[in-house]
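Numbering that gives the first Met the number 0 puts the first residue of the sequence shown at 0, with every later residue one more than the last.
Every residue gets a Cβ at the ideal spot worked out from N, C-alpha and C, and that includes glycine.
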Amino acid sequence: MDVRALLAVQTGLVLASCGGDAPGAARTRLAECPGTLHEPVQADAMPAEPLLLEGFEDPPADWIVITDKKDVLMVDATALEQTYAREGGRSYLTLGGRAGALYCMLPVEGDTCYRFRGVLRARDVVPEQQPFFGATFWLAEAALAGSPRELFARDKRFDRRLPVAGALGETGWVERCIAFRTSKETRTLIVGCLLAIGEPLEGGEVDFDQVVLERIAERELWEFEAAEAVGEAHRGQDLPALDDWRARRLVGAMLAGERRPALLCLPGEVLEFELELPPGEPVFCFGLAPWPRAQRVDSAPLVHWLRVDGGELLRSSNPLRTPAETGWLDVTAELTQFAGRRVKLELGLEGPLPGVFGAPQVCDRAARPPGPNVVLISIDTLRADRLGAYGATSGSTPHIDALARAGIVFEDTSANAPYTLPAHATLFSGQFPSVHGVEDRGRLLSPARSPVLARILAARGYRTQAFAAGGFLTPDFGFHAGFDGFAIVDPLRHTGSRYFDEFRREYPEQSPATLATEPGVERVKRWLGAHAEEPFFLFLHTYEVHDYDPPPGTTDCAASGCRSSLADHRTLLFPRRTEPFPGTAEDRAHLGHLYDAALRHVDAQLGSLFAELERLDLDLDERTLVVVTTDHGEELFERGRLQHGKTLYDEILRIPLVLRIPGHAPARLATPAMQVDVAPTLLAALGFAPDPRMQGVDLLQQALIPRPIWAEVDDHFVRKASLRADGWKLVHGPLDAKVSIPNAREWELFDLARDPHEKLDAAEREPARRARRKDQLAGFEDQLRAASEALGTIEEGAELDERAQRLLEHLGYGGGE
């Protein structure tokens, strides 16, 4: 087989256009359209009021040294070296030594807007350990005022820390700037120049200069936050031109756990668009809300309005509530009277705070694309052998099994990665992990270099919506690209689960009462009811099975003699536990019972969802294509562990893939398939050509070229690759990989016909076969590397905040998976 032909990469892009690009797919997303931003005439802006101007020409008299964060009043004179230098007309402070900082304390007002600016550079800084907190500016608010001794006497020394990006990894001088509003209780702001604190250095120095703190007008704060939000919304995508309204006002906004692309309006602003309306039954749909970044309770409501050709068509007054009580207010405005005309459409805002229009779009209710709706379901961590359609006898999945009997079952499907993040990036993009590059946290699925299924379908007139379960499936990793709405509240989890308790604790502002009272599947049904007349792509994802977390009282193993009281599988996860067989044999068996019970709950929820599709006349025979799959499997102690993400054996890689496609007869196909094939197969079933950057193939082709089955993982835990062909499987684990779990063997070879469970390594007794497979694997890696390089630089994601990290840890990921 010609691997190069399989991995051929071209540079064509499939982009959504203003108005859609498919016959009958009349959908215009304002986020993709040219427009004009009209700003109100402002009185002369209040000049910034400086509170601190420090250029370090001389040692400042009112700055204080700190060397130990545990005892902030005790200074080790040998730990921190401070010098003052001049270079090219610049004077600056240099901090060196092992650890420490220089800080000052400034009296400030509560509920007031400020801007901090400063420049710094790191020179040869080498931390002794990671994570490292240093080579940065340090800002914190305190509710007390007074001397350091008075301020630091209490246990809670700081009421809020303000994040400032460091200089480690940067070249030369870099500027850092943040704008913020102090809390109502704040009385003191601590500004620090930090070498290191808590994590000493092996060597290096950090320079600081031009430290400025100034009071600013509220509108300046909004403009600063808008610029940040625009940058976040366009990570991984081509930035709009600076004179485009999108460069200032196209953001993302999350309310009630759902993120939407949004048009931001500051008070008094107007966004104007000229649109060609479709000739049928055009309507304008959007969600209204205050802008979460500037949200606070106020007596005056926000008023969003819509004008068409100068006439006001809609005015909505929205009382300001606490963040936890605020969700999207969905509005539909009839435009039938303007059908077939070119109109001027204006959106505006009146009130004390900024507001957003979420996913605003014009669509024609009378037009539908020729293809069916699409529902893509990912049941995280689902082993194929736990489904009746794949031979399980537990009876846990009657609804999925019924779908399989009426659909197409791919009997031999393999994941291309062993954990959630890279596997779902492959599912969405049709690219192998090392091509899309989203192999570890910090990487972002980038539409600038990877095709994304939701964007492709959006461009063809589909409304796109995701109900995912958070963790790695969040906008932080770019998975929202192409979706009109992306919710991060597990849609198939029972409401009493520990997951929801943890979500509410970490994201109280995203947890209104509806999240507690409306089960996730009911939210999905409500969405379906609202959009039943539109062509849609719906993505569902759940961690219910991943977390072994069935509703209380739904396990039935006690009747068969199980007496285990184990409730939380995380106590047995590898690598948290190092002994070969953690827990008792009964506990390990009980984990299987919990797993099947959680799967039974998910299946019941899907059965309810399938019934709702039929009730809404979105039947699976004619109008809706359904896919059920997963990201990877799970090792259930086959090799002494409970885990995924660390190995490439078949208990991790063998996954289910069930498609029910209107017009296709039921079938069971033995041809080997891969996760990378799902996106191109879906597109082909809908009558669309795949993006040329995809490496997957259409699995419904009559004659598929035999291909090697590939899997890989390359993160801070492990680095491995595997290739399966002609009944043999080679696993490569480089011995020099810089990972936290080193490989014990570099090569493993398995004869799958005689050893289907991969227990007998044949690498030593089959040296010639190993050598041939080794060359084939190396050639495949070379082709993947070339494909990735042809797409450009892999996009780095923003650093996750502390609560996002904690929620990943609650899910068992703890720094990885």
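Residue 751 and residue 732 do not touch by the CB rule: their CB atoms are close to 18 angstroms apart, not below 8 angstroms. Annotated as distal: residue 291 and residue 352, with beta-carbon spacing of 8 angstroms or more. Only exposed fits residue 48, as fewer than 16 other CB atoms lie within 10 angstroms of its CB. Look at residue 476 here: in three-state DSSP terms it is helix.
In the displayed model, residue 203 falls within a strand according to three-state DSSP.
In the three-state DSSP reduction, residue 83 falls in the strand class (E or B). Secondary structure note for residue 221: it is in no beta strand (DSSP E), and the uninterrupted alpha helix (DSSP H) holding it is 217–232. With respect to the C-alpha of residue 177, the residue from 185, 226, 196, 722 having the closest C-alpha is 226. Annotated three-state conformation of residue 524 is helix, per DSSP.
Judged by beta-carbon spacing, residue 376 lies within the 8 angstroms limit of residue 627, meaning their Cβ atoms are closer than that value. In the DSSP assignment, residue 331 is bridged to 284.
The secondary-structure analysis by DSSP pairs residue 306 across a beta bridge with 311, 345. Sequence-distant partners of residue 137 (beyond 5 residues in either direction) whose C-beta falls short of 6 angstroms from its own C-beta, in its chain, are 191, 193.
Judged by beta-carbon spacing, residue 682 lies within the 8 angstroms limit of residue 689, meaning their Cβ atoms are closer than that value. Membership of residue 428 in the alpha helix (DSSP H) is indicated by the continuous run 419–428. Taking the Cα of residue 71 as reference, the smallest distance to any Cα among 249, 443, 493, 147 is reached at 147.
According to the DSSP assignment, residue 677 belongs to the alpha helix (DSSP H) that extends over 677–684. For residue 464, the enclosing beta strand (DSSP E) has its first and last residue at 462–466. Across the structure, residue 244 and residue 348 are spaced so that their CA atoms are roughly 16 angstroms apart.
Counting along the chain, residue 339 sits inside no alpha helix (DSSP H), nor does DSSP assign it H or E at all. Nearest C-alpha to residue 109 among 188, 134, 56: 188. Shown here, residue 196 sits in coil according to DSSP, grouped into three states, outside any helix or strand. Contact between residue 354 and residue 303 is confirmed by a C-beta separation of about 6 angstroms, below the 8 angstroms threshold. Rounded to whole angstroms, the separation of the alpha carbons of residue 484 and residue 367 is 20 angstroms. Taking a contact to require three or more Cβ pairs closer than 8 angstroms, the segment 479–494 and the segment 303–322 do not qualify as touching.
By the criterion of a C-beta distance shorter than 7 angstroms, residue 621 is surrounded in its chain by 661, once the five residues flanking it on both sides are discounted. If you draw a straight line from the Cα of residue 99 to the Cα of residue 114, it comes to about 25 angstroms.
If you look at residue 178, you'll find it isn't in any alpha helix (DSSP H); it sits in the beta strand (DSSP E) that goes 173–180. The beta carbon of residue 56 lies closer than 6 angstroms to those of 90 in the same chain, with the five residues before and after it left out. Using a Cβ distance threshold of 8 angstroms, residue 140 and residue 157 count as a contacting pair.
The DSSP-derived three-state label of residue 400 is helix. Using a Cβ-Cβ distance cut-off of 8 angstroms, the segment 204–211 and the segment 277–290 are not in contact, since fewer than three pairs of beta carbons, one from each stretch, lie closer than that value. Here residue 756 is exposed. Its C-beta has fewer than 16 other C-beta atoms within 10 Å. A buried status is given to residue 268, since no fewer than 16 other beta-carbon atoms sit within 10 Å of its beta-carbon. In this structure residue 647 touches residue 417 by the C-beta definition: roughly 6 angstroms separates them, less than 8 angstroms. Annotated three-state conformation of residue 642 is strand, per DSSP.
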